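Chains as they are written, first to last, in UniProt numbering: chain A, 1 to 642; chain B, 1 to 642.
Data block below; observations after.
Given below as structure tokens:
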């Protein structure tokens with residue numbers, strides 16, 4: 001099952017030996033099929049400038065001269081010019097010791113770091129490989145943060161081993177915690193990324209998954225993690241393969257790290273990169289949803305406002321292509337027809353499709369009626385004048401007399417008769433967020449008292465979400481409004497901190513409201529909702545926002561869902577929805593997280609508000625340690641017009 | 001000890017009975033000497049609009065009409081017009097139940113709240129008294145938050161009992177935690193304030209003090225907390241008196257709450273407010289520092305930049321008035337002179353006053369020499385051309401020949417001889433923050449190798465600070481720069497979460513740097529500092545920023561300090577310094593708080609960076625639950641020019 005459409009994966013190399021010649025290294029890396037090489041910027045001897053044992057005044061003076069910005073000597077540099085720049089990632093010296101207790105070593109380490117970085121930036125290297133933080137790393141974080149603030153093009157790849165090899169079993173989460181703290185101190189800078197180094201033993205899946213929410217730009221494969229196949233070639237274990245394949249979705253660069261274990265010398269060093277490319281080529285073909293969503297991963301879209309705005313033809317076009325959704329609707333109408341009248345009866349069932357768009361539900365209703373062998377009279381109501389043109393064409397060319405098309409808002413239509421079945425497709429990613437409840441309340445007046453609404457109900461679910469990627473996307477707007485706006489997103493770089501839970505539901509027809517003389521609800525308070533759900537958070541993580549999903553009963557057993565656990569297979573009409581938090585909250589392991597959610601309404605609009613509160617139990621005491629504000633108060637930043 | 005200069009304190013009244021007539025109530029409140037009255041906006045019968053048991057359709061229709069905004073009936077209102085508006089605080093009905101599990105009660109409570117609030121705002125009431133949050137209060141917070149977002153003039157006074165009377169001993173901090181959560185959900189809105197209700201038993205001082213960092217607009221004194229003196233008049237216990245006096249510094253309104261205990265009926269209801277005014281009149285006179293600081297409490301000032309800017313005459317004028325500081329300097333010079341030469345010796349001691357300003361240290365040095373009976377030759381070096389005019393006057397009119405005045409930067413002056421004693425007053429609130437280290441490094445070249453610097457050293461201290469007041473002041477600027485700038489502030493509405501700890505010190509003369517041919521340091525790296533201090537936080541609180549202080553040894557035993565524990569009595573030249581945090585961090589009780597602080601330098605400037613990290617020990621595990629970014633990276637927001 002080879003997949004030739006997959007783009008070529010970038011595979012580079014990192015050697016253990018520090019003091020290499022650039023030209024020779026580049027040549028040998030190219031010969032062994034690598035796309036780039038991570039090379040130290042200076043020779044190891046440059047370490048003398050730490051001056052950690054300065055005694056006499058002459059040496060002290062030399063040190064101060066160096067500190068005052070003496071240029072590199074040519075012999076100190078490995079990367080001496082910009083000849084091979086496109087082929088290189090610069091490596092900062094491992095010996096810099098920014099958190100030394102010695103003021104001199106600390107100061108000189110920072111100067112050396114700045115020097116190396118500034119030379120690499122001057123040459124135009126686009127990525128710099130920096131050392132793993134040690135246990136105490138605050139001064140390292142500060143120094144790097146300063147560099148990040150000044151750098152325009154250069155990205156930082158921070159070497160992060162997936163497990164701390166010294167304590168491989170006891171402490172699986174330690175490296176993530178360390179990384180997390182480091183980037184928090186650095187304001188989640190978007191140019192600070194991870195070069196994730198795999199280990200011989202990988203931690204449990206739950207610990208692997210948390211890395212998917214992180215900005216991984218490179219994956220380091222030390223040669224020691226490779227096994228040997230029967231032909232003597234390097235291969236990865238099933239578990240490593242699985243993880244590498246998952247990582248490949250995020251399109252990182254790969255780096256073969258020659259750790260001098262020399263396990264596969266007979267087959268040559270090229271074998272590692274060939275194997276990585278082989279894994280990439282044999283990735284399974286993306287499924288329909290992945291194909292559809294390609295390019296949309298982690299891309300923030302504003303939810304549709306079909307009531308306020310008229311959808312464009314291309315939007316209808318895309319959604320009509322969903323292979324699953326309309327089949328489910330057809331099935332629902334089919335069963336409803338069967339239940340509605342007996343086969344022998346000659347009665348006509350009145351179906352009203354409200355919000356008919358370009359007519360897919362009309363077509364499906366006709367099909368359902370044919371299959372069910374029932375007589376139907378269909379009305380199609382649509383308020384979008386452009387879509388109505390298509391409806392007119394459909395009626396004259398395809399549907400004919402059995403369909404009556406009506407131009408207008410379903411909430412205001414004076415229907416000539418009452419419907420047996422009301423069919424609508426007004427659901428948004430959050431269920432009610434495209435105002436299905438309000439629209440169907442208005443349409444309900446021309447549904448018979450015992451009539452059927454398809455959908456008959458929908459439930460909304462939320463879960464706590466971690467995703468520095470999405471958070472950075474939102475915060476790039478640098479304003480409050482975007483933090484208080486929900487987005488439709490195809491999740492990729494995310495980790496769910498707990499499984500989704502239901503917050504509320506809507507049912508149709510709805511008998512709970514008082515009507516006015518026009519048979520419309522006298523107000524919309526019956527469609528407000530308020531819910532608190534409690535999540536037990538087992539593993540620590542950063543809460544960046546809240547994911548939203550819906551599950552709908554179209555008719556009896558015919559259900560439609562975008563909730564991961566029950567997702568209607570192959571249906572791509574809805575991505576989940578994402579409600580951001582203004583300030584990310586670090587959730588410690590074994591925390592209790594309360595999420596509060598509101599659906600609120602005025603006479604003009606509907607909006608959501610949300611807030612969270614995290615607590616920890618210490619002995620018999622519950623300590624609440626992190627709360628958000630209530631976001632989007634009064635719908636100040638985002639709302640849906642009625 | 002009566003203090004007639006104290007401004008009149010506002011004392012109002014709150015009655016237990018709900019259904020009162022406004023005109024009568026106002027008259028009786030005035031007759032008993034009160035300045036205002038807290039009065040319910042509607043009669044208690046208005047509760048019928050909760051419609052908590054709506055059965056038939058007719059009543060349902062009535063409810064919906066009311067929900068749709070039917071105006072108040074005149075009879076439902078207690079406050080019916082704006083006749084007594086300046087005398088009234090409106091009270092929201094206690095029966096509103098915003099967190100009811102019943103959708104109808106919840107919805108109608110919010111409508112009633114909005115109605116009452118909007119009527120009060122319409123009348124122009126400037127304050128609204130709202131009920132204490134119950135155990136579940138999220139929907140209450142959301143509803144109030146919405147109102148806060150829309151209100152322009154009206155302030156909210158939230159009734160907060162200082163202890164939850166149901167569990168008076170076990171749970172002293174519960175009410176503060178509740179309040180804290182409530183206002184966090186409400187984005188720390190500046191119009192949401194506390195009406196703090198005192199109880200018969202007051203909690204321990206440490207729990208009382210945390211309220212000083214909160215926005216207390218009113219203090220409620222229920223009549224039951226009053227004792228009876230020998231004449232039968234109401235008085236407060238010593239502990240209550242002490243707390244009330246402390247609260248009076250924040251100038252809240254007081255409210256006598258007639259809780260129907262009827263303890264002092266013989267002496268009349270006026271006796272309570274008279275007693276409160278009596279306490280206010282007999283407050284101790286403010287000390288010199290309080291007098292000097294009056295009007296400056298919690299006011300953010302930018303630290304001086306004497307090196308970059310020339311100080312104004314009025315600034316010198318104020319600081320020269322300090323009764324303590326110059327006496328300490330005189331003492332230090334006196335002892336240094338005694339140590340420097342024997343009395344019988346006829347040797348002349350060379351004193352150089354660097355940064356002489358308008359000359360106070362010159363005058364004090366002359367006095368010290370006279371007292372010590374030592375011969376001196378004094379140089380006064382000053383770079384501010386305006387101050388130098390005054391120095392010229394002083395020389396010709398007062399000092400005469402024994403003083404040589406020099407115009408120029410002390411770091412560049414070519415002195416004609418070397419000094420025995422170098423006297424300077426370059427310290428800022430944070431010790432080194434007005435660049436004393438850099439200036440004295442430059443002046444050191446004309447100090448004899450065994451010469452004395454006054455001051456000889458200074459140490460910097462920090463402590464974690466809670467102050468929603470200061471935080472709101474900083475965030476009012478709505479930009480990053482102000483969050484990354486230190487301020488000089490006379491603390492008032494603050495609580496220290498732990499005692500100050502030392503972070504670093506400077507000593508003069510300083511032998512640790514290499515000099516260039518001009519005898520100046522070749523660079524400034526020796527004046528960088530980095531320190532981590534760990535605080536154990538016993539009681540929970542919100543960390544809004546970091547307080548800074550200094551302690552200095554002028555000479556041997558002569559010290560000068562603005563650290564609270566060792567503050568030089570009566571000295572007012574320095575207020576503490578405040579480094580804000582961009583995002584406040586809630587610190588749970590028994591937490592460990594690490595604060596990291598840097599003093600950093602380039603060739604052009606000096607700046608500070610700071611960050612914090614809070615953790616909690618659960619079993620054997622340390623859980624880090626809250627970190628800040630590293631603030632002011634690279635001095636991007638605040639720095640001191642060299």
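Using N, Cα and C, we set each Cβ at its ideal position, and we do this for glycine too.
All values derive from a computational prediction rather than experimental measurement.
Of the listed residues the options, nearest to residue i (C-alpha basis)
{"i": "residue 90 of chain B", "options": "B/83, B/116 and B/425", "result": "B/116"}
{"i": "residue 153 of chain A", "options": "A/21, A/341, A/125 and A/631", "result": "A/125"}
{"i": "residue 220 of chain B", "options": "B/504, B/110 and B/196", "result": "B/196"}
{"i": "residue 549 of chain A", "options": "A/511, A/556 and A/568", "result": "A/568"}
{"i": "residue 302 of chain A", "options": "A/415, A/334, A/486 and A/386", "result": "A/486"}
{"i": "residue 343 of chain B", "options": "B/371, B/319 and B/242", "result": "B/371"}
{"i": "residue 465 of chain A", "options": "A/119, A/122, A/540 and A/516", "result": "A/540"}
Under 7 Å by beta carbon: chain A residues contacting residue i
{"i": "residue 64 of chain B", "result": "514, 522 and 523"}
{"i": "residue 105 of chain B", "result": "Within chain A, no residue comes near residue 105 of chain B; the closest Cβ sits about 12 Å away, beyond 7 Å."}
Boundaries of the beta strand (DSSP E) in which residue i is found, first to last residue
{"i": "residue 593 of chain A", "result": "591-601"}
{"i": "residue 277 of chain A", "result": "No beta strand (DSSP E) holds residue 277 of chain A; the alpha helix (DSSP H) holding it covers 270-281."}
Local Cβ density within 10 Å of residue i, reported as buried at 16 or more and exposed below that
{"i": "residue 412 of chain B", "result": "exposed"}
{"i": "residue 560 of chain B", "result": "buried"}
{"i": "residue 260 of chain B", "result": "exposed"}
{"i": "residue 591 of chain A", "result": "buried"}
{"i": "residue 623 of chain B", "result": "buried"}
{"i": "residue 7 of chain A", "result": "exposed"}
{"i": "residue 340 of chain B", "result": "buried"}
{"i": "residue 169 of chain B", "result": "With a pLDDT of 48 at residue 169 of chain B, under the threshold of 50, the predicted position of this residue should be treated as unreliable, and no value is reported."}
{"i": "residue 12 of chain B", "result": "buried"}
{"i": "residue 451 of chain A", "result": "buried"}
{"i": "residue 287 of chain B", "result": "exposed"}
{"i": "residue 517 of chain B", "result": "exposed"}
{"i": "residue 234 of chain A", "result": "buried"}
{"i": "residue 480 of chain B", "result": "exposed"}
Local conformation of residue i per DSSP, three classes
{"i": "residue 8 of chain A", "result": "coil"}
{"i": "residue 553 of chain A", "result": "strand"}
{"i": "residue 264 of chain A", "result": "coil"}
{"i": "residue 27 of chain B", "result": "helix"}
{"i": "residue 139 of chain B", "result": "helix"}
{"i": "residue 455 of chain B", "result": "coil"}
{"i": "residue 66 of chain A", "result": "helix"}
{"i": "residue 587 of chain B", "result": "strand"}
{"i": "residue 394 of chain A", "result": "helix"}
{"i": "residue 233 of chain B", "result": "coil"}
Contact with chain C by residue i, beta-carbon distance below 8 Å
{"i": "residue 624 of chain B", "result": "The question asks about chain C, but that chain is absent: this structure's protein chains are A and B."}
Where the alpha helix (DSSP H) containing residue i begins and where it ends
{"i": "residue 119 of chain B", "result": "103-123"}
{"i": "residue 611 of chain A", "result": "It is not in any alpha helix (DSSP H) - residue 611 of chain A instead sits in the beta strand (DSSP E) that spans 605-618."}
{"i": "residue 289 of chain B", "result": "288-293"}
Partner residues on chain A for residue i, Cβ-Cβ distance less than 9 Å
{"i": "residue 510 of chain B", "result": "Those do not exist, as residue 510 of chain B stays about 13 Å from chain A at its closest Cβ, beyond 9 Å."}
{"i": "residue 191 of chain B", "result": "Correct list: empty, because the minimum Cβ distance to chain A is about 13 Å."}
Contacts of residue i in chain B (Cβ-Cβ under 7 Å)
{"i": "residue 583 of chain A", "result": "583"}
Contacts that residue i makes with chain B (C-beta to C-beta distance below 8 Å)
{"i": "residue 141 of chain A", "result": "630"}
Check: residue i C-beta below 7 Å from any heavy atom of the ligand PLP
{"i": "residue 508 of chain A", "result": "With respect to small molecules bound, the structure shown includes none, and the ligand PLP cannot be examined in it."}
Residues that residue i contacts on chain B, provided the C-beta gap is smaller than 9 Å
{"i": "residue 633 of chain A", "result": "142, 145, 146, 148, 149, 186 and 187"}
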